[in-house]
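In the working numbering, the protein residues as written are 829 to 1309.
C-beta: ideal position from N, C-alpha, C; glycine also.
The structure presented is a predicted model; accordingly, all values stated were derived computationally and were not measured.
Right, one structure below, let's go through it.
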């Protein structure tokens, strides 16, 4: 038996897996986010331990015999959070999360230094870890002076489980202190933040052993003593492990609140100028790129509130047959945009409205606008040397067949829909635990899910969507002006 623990923003999920990768069961425990000021987003690390304990106890109560057979635990979690410990391992302040934007000025100042993009391969975004420490230095100097260790969220859970300060390359890639090409901390970048290597956890590859379970934790949850804890990975990398997206050419498209286009690579291929994330993958000698659009299903949910209908009712009105784009266009920049513009101040728009338009014309424009934003991501990754020829679709938006047909045609590539199942970050973390415990090569473990359906582009509409995409691209500079 193997456990995968995923520390999300809204919940901790613990998943129990057997040696044949069958999911025995899972349990979740909710987390709250504190927002004491505009732009702030924090959690108390003690709440992560409490939620993890609750989920572990729930699973143990149902599967105590299987818990006694667990060989290893894998970890995944929300990235970029700054968990600050003093020399006595006390937490110095609430953890500033990935979506905390208070350090936007500090991020811009670091990003203006060319060595940050040169070594990390990424823009220094406000949500990343390094600018948060600059903010603490400037606003809470007495806390900054006591910082002995900075741990990412999942690595604080590891510290609780094992007593070790360890991390992995995929999670460390999102700190702005990590040399992503060399897969190691950069002393130079740390020095720019008046930090040093002694304050960082040691780096171990995601499928390797990174600590062993402390006896008191084993006794509390009925687990065998001294079992392995794998290094694990950041949430998107762990999700990719769960979906078998590990080799060059494989990619997934997540139609969630935000949209993510994730492509696995055999080499390091940065393109910071187009706001592409280039991070280490959770396996040795593997990297990945991500294009991110900030409002995907969020855009449809926003429009549904205004239209007074549920998102499902709106998409059902469109039927199943894809039609050519109309005159109405939608730019989904409701909270700014990440890839390819890195523009926090741009806002969304409907254009081309007329007396003839009905509700379904606007619904269709919203779905198409998100699809065109994904095409921007595909082009940004192509500029960095990654050619994507098909994607696997996940996330709530993938339940709309019309949306998937539109995306397939806009991108001119097949979109695979996996059979129902749990291929998320907790499953990927458990897979990393299997590899660490049994020294099994990734190719034997990281198999893709069974595909239930494949949506092919509508060849008769390719040119119409190409023309509409050119019009869509022309609208950003007009809006910006």
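Query                                                                                                                        : Result
C-alpha gap between residue 1058 and residue 1270, whole angstroms                                                           : 14 angstroms
As assigned by DSSP and simplified to three states, the class of residue 1274                                                : coil
Nearest residue (CA-CA) to residue 1165, options 877, 1304, 961 and 1017                                                     : 1304
Same chain, Cβ closer than 6 angstroms to residue 981, neighbours up to 5 away in sequence not counted                       : 835, 905, 906 and 909
Whole runs of the beta strand (DSSP E) within the segment 1115–1163, excluding any shorter than 3 residues                   : 1115–1121 and 1157–1159
Expected contact under 8 angstroms - CB spacing of residue 1124 and residue 1070 to nearest Å                                : Incorrect: roughly 20 angstroms between the Cβ atoms, too far for contact.
Completely contained alpha helix (DSSP H) runs for the segment 852–901, where each covers 4 or more residues                 : 873–890 and 892–895
Identified DSSP bridge partners for residue 1013                                                                             : 1006
Distance between residue 912 and residue 970 (C-alpha atoms, nearest Å)                                                      : 13 angstroms
Three-pair Cβ contact test at 8 angstroms for the segment 1003–1021 versus the segment 949–960                               : yes
For residue 1088, three-class secondary structure by DSSP                                                                    : strand
Opening and closing residue of the beta strand (DSSP E) in which residue 1256 lies                                           : Run containing residue 1256: none in the beta strand (DSSP E); it sits in the alpha helix (DSSP H), 1253–1266.
Start-to-end residues for the beta strand (DSSP E) that takes in residue 1246                                                : 1243–1246
Beta-carbon proximity list for residue 875, same chain, < 8 angstroms, skipping 5 on both sides                              : 859 and 860
Sequence-distant residues of the same chain with beta carbon closer than 6 angstroms to residue 1173, five excluded per side : none
C-beta contact flag for residue 1108 and residue 1011 at 8 angstroms                                                         : yes
Strand pairing of residue 1081, partner residues [DSSP]                                                                      : 1089 and 1221
Where the alpha helix (DSSP H) through residue 1189 begins and ends                                                          : 1187–1211
Beta carbon of residue 1014 nearer than 8 angstroms to that of residue 1062                                                  : no
Stretch-stretch touch, CB-based, cutoff 8 angstroms, three pairs: the segment 1193–1203 with the segment 1216–1235           : yes
Continuous beta strand (DSSP E) stretch holding residue 830: start and end                                                   : 830–835
Same chain, Cβ closer than 6 angstroms to residue 1043, five either side skipped, listed in chain order                      : 1053
Closest residue to residue 1110 among 1133, 1132, 1179 and 1033 (Cα-Cα distance)                                             : 1033
Complete runs of the beta strand (DSSP E) confined to the segment 934–959 [at least 3 residues]                              : none
Cβ shell of residue 974 (< 7 angstroms), same chain only, five flanking positions each side left out                         : 914 and 920
Run of the alpha helix (DSSP H) containing residue 1055, from where it starts to where it stops                              : Counting along the chain, residue 1055 falls outside any alpha helix (DSSP H), and DSSP gives it neither H nor E.
Burial state of residue 966, where buried means 16 or more other Cβ atoms lie within 10 Å                                    : exposed
Pairwise C-alpha distance: residue 1103 and residue 935                                                                      : 14 angstroms
Coil, strand or helix - residue 1238 by DSSP                                                                                 : helix
Short Cβ contact (8 angstroms threshold) for residue 843 with residue 1258                                                   : yes
Residues near residue 1205 in its chain [Cβ-Cβ closer than 6 angstroms; skip 5 each side]                                    : 1089, 1119 and 1167
DSSP state of residue 1302 mapped onto helix, strand, coil                                                                   : helix
Of the residues 1099, 1250, 1139 and 1082, the one placed nearest residue 852, counting alpha carbons only                   : 1250
Exposure label - residue 957; buried when at least 16 CB within 10 Å                                                         : buried
Nearest neighbour of residue 1287, chosen from 1252, 1275, 1268 and 1241 [CA to CA]                                          : 1241
Contact set for residue 1273: own chain, Cβ-Cβ below 8 angstroms, skip 5 residues either direction                           : 849, 1259, 1262 and 1263
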